[in-house]
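Those protein sequences? They're chains C and H, same order as listed.
Position 305 (the first sequence) corresponds to 305 in the numbering used here; numbering is contiguous.
Position in the second sequence (first residue = 1) + 348 = the numbering used here.
Heads up, the beta-carbon is just placed ideally off N, CA and C, and yes, glycines get one too.
Since this is a predicted model, take the numbers as computed values, not measurements.
As structure tokens, the structure follows; a few thoughts come after it.
There are 2 protein chains.
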Amino acid sequence: MDGSSSTGSRRARRGGGGITLGDVARLAGVSPITASRALNTPGQVAPETLARVREAVARTGYVPNRLAGGLASARSRLVAAVVPTIAGPVFMEMVQSLTAALAESGYQLMLGQSGYTESREDALLEAIIGRRPDGVVLTGIMHSAEGRRRLLASGIPVVETWDLTPTPIDMLVGFSHVDAAAEVARHLHAKGRRRLALISADDERAQRRNRGFADEAVRLGLAADASGIPVELVPAPTTLGSGRIGLTRLLERVPEVDAVFCSSDMLALGVLTEAAARGIAVPSRLAVVGFGDLGFAADTEPALSTVRIDGTAIGRRAASFIVDRAEGRAVAQKVVDLGFRVVERGSS
Amino acid sequence: MDGSSSTGSRRARRGGGGITLGDVARLAGVSPITASRALNTPGQVAPETLARVREAVARTGYVPNRLAGGLASARSRLVAAVVPTIAGPVFMEMVQSLTAALAESGYQLMLGQSGYTESREDALLEAIIGRRPDGVVLTGIMHSAEGRRRLLASGIPVVETWDLTPTPIDMLVGFSHVDAAAEVARHLHAKGRRRLALISADDERAQRRNRGFADEAVRLGLAADASGIPVELVPAPTTLGSGRIGLTRLLERVPEVDAVFCSSDMLALGVLTEAAARGIAVPSRLAVVGFGDLGFAADTEPALSTVRIDGTAIGRRAASFIVDRAEGRAVAQKVVDLGFRVVERGSS
DNA sequence: ATGAAAGCGCTAACAT
DNA sequence: ATGTTAGCGCTTTCAT
């Protein structure tokens, strides 16, 4: 009634039935540790032994328990990614490439949403650290000094992305928001625009771009001071609708505006839509520039000028940073500036 | 040199220094299991003991190791979600709500991308099962019978979403693609449209909608048979650009078309864009209906009629299915049809 | 190339 | 209400 007496009986208590490495080893006629080596470091095992273990794995359908492996080896092969929200298209490209790159190296992604506030940040951090991930990829957030301290104290490799902070927690892959915005200002100036304006999300990063844009505009002699560049703020995350509203409000205040820099492509698409609805010609009467170069930007009418951020490259870089660190490889540089590119299309 | 002799020395070997439940217990002057109870089932612990343990946790900055906890209790508090790609906006809303709902119950999301092919499906499955998640949420995929068999054999609760298959692996929350498409056909017919057409992604689910649409059109007397409803296929994932191309091709073949049902809102936005560029009036000359009711649909010009799928509800339902199962609560019904809603706006 | 022993950090059982 | 004991399934260390 109790099945196999020698070892089966002792398993009956907990855990429940799954096939373990021990079962595989017994079937192959080797010790558990040899079976383990056959799976993890096949080079250390005699070919004939290897074959027997593999045969046993195939027969049983054994799938190694990574929880146990992670506990024993202190390597979970889990990487946590924190995004403000997955439901904005901006970070998707990065998360996609991060997931793919990690999977290729045998790592799995854990996703956490911080929201745009720092309220749940602490609980999220606890949940993450509790899993003992081999790395954490941060996108933009981690406002609280306390959170940064805890992460640092945990000893987990951290990659911050989408930005170039002067004082990174650990590793960093991003670009300069200020420089990007300044280059857009120069681009519009070169195109003969003189009445620049901003339609922007109210998050910190976008506002940093706004400052870069306004400062450069002042430098170009387009305003006496930064307050001379009108800004319409809309709540994050941005939508097509908020772009339409933004333009409507902007035109009420500053009818003579001849160029708008939007903090996202969605916002810019809203501006294009509203401009078309009002019969405002783009780009002849109004130039529009977006940010992100999302999939649709090249195909709008007119095609949207924007700032291209290579989210795929960011994700790939972040993955390799963490995998390198986890495998004990030396990381040559801890900070990578992936830059950006102002893509000129029909809308400007 | 060796630090604390009694227990410290034995930790020096592996693991490396983290604070453990044992440390907390010692500091609080209780046994490890009492400390464990103080954290997990505080009701079972005397208030004064509880306070001492909490104090010790605060002093040490202890964060429980969930790998160890999961191994011991056979409950990982990890849930795996599989999506074709995170980089399509369609599933984002669901993933977002799934992540949030799970986090609320103390569960964490692991993300896996299957791609639109079934090549990596097996490796992904192995990675997932290896983590012993408390549940798996599937979106659309799991083509291979072998994969379904392995999942079933693993004993992990499974929720399939976005569809209503007749033979679910386990639990299911979705809606009928065929019914949704049929209702769109009726809607267009009611609006006086007689020359219907489809612009659609080439994935299985979209094509199922196509069949539902065409069959209903035939039933309404709009064509002799399903092949009388023209279809333009574009590759998944869909983009604004492919919508423009789709309409262009469609008009070449069938200039007299007066209504298009698109398999996604992005596609529909492309159709609106191309129509505007060609001076084709929407809806008077051409009606357009999308699918998904993404964030921008209500704000396009004209506003986009579409099929609303409540991704948030799907995610929440899937989460509660899995959490209920994990906590041992009885699940009343294993299949939930969340339905859909045809949202009539300006474009039709 | 293989194995024995000892634990990783935690919790389920079974006391008391 | 608290403690003791025995693992969860794997891998490290140290032998052979």
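Which same chain residues end up closer than 6 Å to residue i when comparing Cβ atoms and leaving out the 5 residues on each side of it in sequence?
i      : result
C/V323 : S105
H/R361 : Residue confidence is low: H/R361 scores 43 on pLDDT, short of 50, so the model does not pin down where it sits. Its coordinate-derived value is still stated next. For H/R361, where only same-chain residues beyond five positions count, there are no Cβ hits under 6 Å.
C/G295 : none
H/I367 : T408, Y410
H/G687 : F523
C/R211 : none
H/A704 : This structure gives no information on residue 704 of chain H, because the portion of chain H shown stretches from 349 to 696.
H/A624 : none
H/G594 : I547, E580, V582
C/S263 : S200, A201, A206, F291
C/V91  : This sequence places Phe at residue 91 of chain C; Val is not what is there. Within the same chain, C/F91 has close Cβ partners V83, T139.
C/D122 : none
H/R664 : S445, A449
C/G70  : S76
Which residues in the same chain have their Cβ closer than 8 Å to the Cβ of residue i, if we skip the five residues on either side of it in sequence?
i      : result
C/A287 : L188, K191, R193, D258, A259, V260, S305, S347, S348
H/P650 : L620, V630, P631, R693, G694, S695
C/P235 : A201, D202, S242
H/R358 : With a pLDDT of only 33 at H/R358, under the threshold of 50, the placement of this residue in the model should not be trusted, and no figure is reported.
C/L250 : A197, I199, P230, E232, V257, V260
C/M110 : L78, V79, A80, A81, I128, R131, P133
C/L125 : G147, R150, L151
C/G112 : A80, A81, V82, V83, L124, A127, I128
Give me the DSSP bridge partner(s) of residue i.
i      : result
H/T654 : H/V691
C/V173 : C/T161, C/V336
H/V604 : Note on residue identity: the sequence assigns Glu, not Val, to residue 604 of chain H. DSSP lists no partner for H/E604.
C/Q113 : C/V83
C/A28  : Note: C/A28 sits in no beta bridge, so no partner.
H/Q456 : H/L426
H/G640 : H/R656
H/A635 : H/A607
Excluding the 5 residues flanking residue i on each side, which residues of the same chain have their C-beta closer than 7 Å to its C-beta?
i      : result
C/V342 : E183, V184, H187, V307
H/S353 : For H/S353, the pLDDT reaches just 34, beneath the cut-off of 50, and the residue's location in the model is therefore unreliable, leaving the point undetermined.
C/R253 : P230
H/A562 : A574, I577
H/R423 : D482, A674
Over the uninterrupted alpha helix (DSSP H) stretch that includes residue i, give me the two end residues.
i      : result
C/E93  : 92-104
C/V57  : 47-60
C/L222 : First-last for C/L222: undefined, no H or E at that position.
C/A145 : 145-154
C/A123 : 121-130
For the beta strand (DSSP E) holding residue i, just list the boundary residues, first then last.
i      : result
H/L546 : 544-549
H/G483 : 483-487
H/A422 : No beta strand (DSSP E) holds H/A422; DSSP gives it neither H nor E.
C/E232 : 231-234
C/V271 : No beta strand (DSSP E) contains C/V271, which is instead part of the alpha helix (DSSP H) from 265-278.
C/G323 : Here residue 323 of chain C turns out to be Val, not Gly, going by the sequence shown. Note, C/V323: premise wrong, no beta strand (DSSP E); alpha helix (DSSP H) at 311-326.
Next item on the list: Taking a Cβ distance cut-off of 7 Å, strictly less, list which residues of the region 414-441 of chain H are near chain C, in chain order.
Entry: R414, L415, A416, G418, L419, A422, S424, T433, I434, A435, P437, M440, E441
Open item on the list: Could you check whether the region 521-532 of chain H touches the region 494-501 of chain H, counting it as contact only if at least three pairs of C-beta atoms, one from each stretch, sit closer than 8 Å?
Closed with: no
Residues from the region 301-323 of chain C in contact with chain H, defined by Cβ distance under 8 Å: E301
Problem set entry | the region 310-321 of chain C in contact with the region 95-104 of chain C per 3-pair CB rule at 8 Å | yes
Notebook entry, point to check: Should the region 160-168 of chain C be called in touch with the region 213-227 of chain C, which here means at least 3 C-beta pairs below 8 Å?
Noted result: no
message: Taking contact to mean 3 or more Cβ pairs, one atom from each stretch, closer than 8 Å, check whether the region 476-493 of chain H and the region 419-432 of chain H are in contact.
response: yes
Review point. What are the residues of the region 473-486 of chain H that lie near chain C, defined by any Cβ-Cβ distance shorter than 7 Å?
Key: E474, A475, I477, G478, R479, R480
Notebook entry, point to check: What residues in the region 96-112 of chain C have a beta carbon less than 8 Å from any beta carbon of chain H?
Noted result: Q96, T99, A100, A103, G106, Q108, L109, M110, L111, G112
Selection of the region 585-601 of chain H by Cβ proximity to chain C, strictly under 7 Å: T587, L588, G589, R592
Members of the region 269-290 of chain C near chain H, C-beta cut-off 7 Å: G270, T273, A276, A277
**Request:** Please name the residues in the region 20-54 of chain C whose beta-carbon is closer than 9 Å to at least one beta-carbon of chain H, in chain order.
**Result:** none
Against chain H: residues of the region 149-172 of chain C by CB proximity under 9 Å: R150, A153, S154, G155
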